[in-house]
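Chemist: Below are the structure tokens for one structure; questions will follow.
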Amino acid sequence: MMIPADDPRRPMYDEIWQRPALIRHHLDELDDLVRSTLPRDACQRWTRVLLTGCGDSYYAGLATELAFETWTGLPVDVQPSLFGGRYAIPAMTPPAVVFSVSHSGRVSRTIETVALAQALGLDTVAISGNPGSPITQEARWVLARKLAVAGQTPGVRSYTQAQLLLLLAALYIGECRGVFERSQAVGVKDQLRRTADSLEAALPRTDRLARTLAEAWVDATQFLIVGGGPSYANALFSAAKLVEACGVNAIGQELEEWAHIQFFLRNPHLPTLLIAPPGRCYDRALELASVMQNLGGSVIAVGSWEDSRLPSLVTHYFGINGESEEALSPLVTSMPVECLACHLAQICGERFFRADGRGTGVGRDRIANSRIIRSPAELTSPRRGGL
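Quick note: the sequence shown uses numbering that gives the first Met the number 0, first residue 0, plus one each step.
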């Protein structure tokens, strides 16, 4: 391992290396939790799904949106908690369900989504890594498994567990609704399990390349991460890990939007990472990879180990082993930037979440102690005829 055991960045690094074991050892446990918690009749009556959360929890919803739509046969919306609670939920009617994701279970805006949904008669499911937390006391059904983390570290394990619970919930709902036969659901679950093999096989070389790039980018202060479809979730998540770990200005952008916006940057040479596994956006990723590279940027791509086209279009390539459907790809394609964030933080001597106190002192109450709106009547309506 390239980061010493006594280094303050090591806890995040360990979470990356231990993720294959997390998937292998706890997938059945999480599946049992889903199947014992969600009533079959509720899964059958739901007509619409909203996935909501803040930060990584929001990205977990985006990462699993394709699976939810494909596997459940239901219309699915994904929104950050503020918009989800104050705009999307008031427009919903029963029998719909809101999945509210919060690792800590203490995020005011996400607790608010549960309160507002229940006030409108919607079903609610809380997903958390903290059983007994405030959000688990509010929701009708709770999918919570205690997740040990080593202090204040950018979440890797928590993001993985949230995705697994959402994916397994989507799979079970689809089975209850007749979209899947039981044998088909078992097959999809086996694909989920094999993502651990893909991660494990790719991790050593991914870690080496991430270290090389971190050494080359030690003075970089801006990064751009691009992805389409489910990979957009990991573009946002990857940018978040760079911000949390290193304090750099990292932005996640949707694949097509890059062509409309960042194409015109005055300085197109900033480090750019393109997440492009096989899927519906792959052809567009090939087109834009060439454009990005021809602009003179340093383009790094993340994709399939078997890909013979994309690696030739970029400066460096992170190849992920194994083949799985696009809906499962976010479980494996976040790994390269997670490694990069760890190494860059260590090389630059950065402490996670800024050592100046912004993450643990100044503004600490900005998330967990904000006023919670519990009734739609408390929401302010826009005035007619202008301001």
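Even for Gly, the Cβ is constructed at its ideal location relative to N, Cα and C.
Helix, strand or coil, according to DSSP, for residue 218 in the structure here?
Modeler: Residue numbering aside, residue 218 sits at position 219 when the sequence shown is read from its first letter. Correct three-state label for residue 218: coil.
Chemist: By the 10 Å Cβ neighbour count, where 16 or more other Cβ atoms means buried, how is residue 78 classified, buried or exposed?
Modeler: Taking the first residue of the sequence shown as 1, we reach residue 78 at position 79. Flag for residue 78 reads buried.
Chemist: Identify the continuous beta strand (DSSP E) that holds residue 248 and give its terminal residues.
Modeler: The residue given as residue 248 occupies position 249 in the sequence shown. Start and end: 248-253.
Chemist: Quick one, are the C-beta atoms of residue 65 and residue 326 less than 9 Å apart?
Modeler: Looking up residue 65 in the sequence shown gives position 66. Looking up residue 326 in the sequence shown gives position 327. Yes; because the gap between Cβ atoms is below 9 Å, this pair is in contact.
Chemist: With the cut-off set at 9 Å, would you say residue 50 and residue 76 are in Cβ contact?
Modeler: Here residue 50 corresponds to residue number 51 of the sequence shown, with the count starting at 1. Here residue 76 corresponds to residue number 77 of the sequence shown, with the count starting at 1. Cβ distance < 9 Å, so residue 50 and residue 76 count as in contact.
Chemist: Within the continuous alpha helix (DSSP H) that includes residue 78, where are the two ends?
Modeler: Within the sequence shown, the letter at position 79 stands for residue 78. Counting along the chain, residue 78 falls outside any alpha helix (DSSP H), though it belongs to the beta strand (DSSP E) covering 75-79.
Chemist: Assuming contact is defined by CB atoms lying nearer than 9 Å, are residue 125 and residue 99 in contact in what I supplied?
Modeler: Position 126 of the sequence shown, counted from the start, is the residue given in the question as residue 125. Position 100 of the sequence shown, counted from the start, is the residue given in the question as residue 99. Yes, they are a contact pair.
Chemist: List the endpoints of the continuous alpha helix (DSSP H) containing residue 166.
Modeler: Along the sequence shown, read from residue 1 onward, the residue named residue 166 stands at position 167. Unbroken alpha helix (DSSP H) run through residue 166: 156-175.
Chemist: In the stretch 108-143, which residue ranges form an unbroken beta strand (DSSP E) of at least 3 residues, counting only runs that do not cross its ends?
Modeler: Whole beta strand (DSSP E) segments, 3+ residues: 122-127 and 140-143.
Chemist: If you compare alpha carbons, which of 279, 282 and 268 is closest to residue 299?
Modeler: Your numbering for residue 299 matches position 300 in the sequence shown. If we check each option's Cα against that of residue 299, 268 comes out closest.
Chemist: From 305, 190 and 318, pick the residue whose C-alpha is nearest to that of residue 27; which is it?
Modeler: Mapped onto the sequence shown, residue 27 falls at position 28. Cα-wise, what sits closest to residue 27 is 190.
Chemist: With a Cβ-Cβ cutoff of 9 Å, do residue 212 and residue 315 count as a contact?
Modeler: Taking the first residue of the sequence shown as 1, we reach residue 212 at position 213. Taking the first residue of the sequence shown as 1, we reach residue 315 at position 316. Yes.
Chemist: To the nearest angstrom, how far is it from the Cα of residue 341 to the Cα of residue 7?
Modeler: Numbered from 1 along the sequence shown, position 342 holds the residue referred to as residue 341. Numbered from 1 along the sequence shown, position 8 holds the residue referred to as residue 7. Between residue 341 and residue 7, the C-alpha separation is close to 10 Å.
Chemist: Does DSSP put residue 331 in a helix, in a strand, or in coil?
Modeler: Counting from 1 along the sequence shown, the entry for residue 331 is found at position 332. DSSP places residue 331 in helix when its eight states are reduced to three.
Chemist: Within 10 angstroms of the Cβ of residue 252, are there 16 or more other Cβ atoms? Answer buried if so, exposed if not.
Modeler: For the purposes of this step, residue 252 is identified with residue 253 of the sequence shown, where counting begins at 1. Residue 252 comes out buried.
Chemist: Who are the near neighbours of residue 179 in its chain, counting only those whose CB is closer than 8 Å to its CB and skipping five residues on each side?
Modeler: In the sequence shown, residue 179 corresponds to position 180, counting from 1. Excluding positions up to five away in sequence, the list reads 70, 170, 173 and 187.
Chemist: Looking at residue 149 and residue 244, is the spacing between their C-beta atoms short of 9 Å?
Modeler: Taking the first residue of the sequence shown as 1, we reach residue 244 at position 245. Taking the first residue of the sequence shown as 1, we reach residue 149 at position 150. It is not a contact, given that the beta carbons lie outside the stated cut-off.
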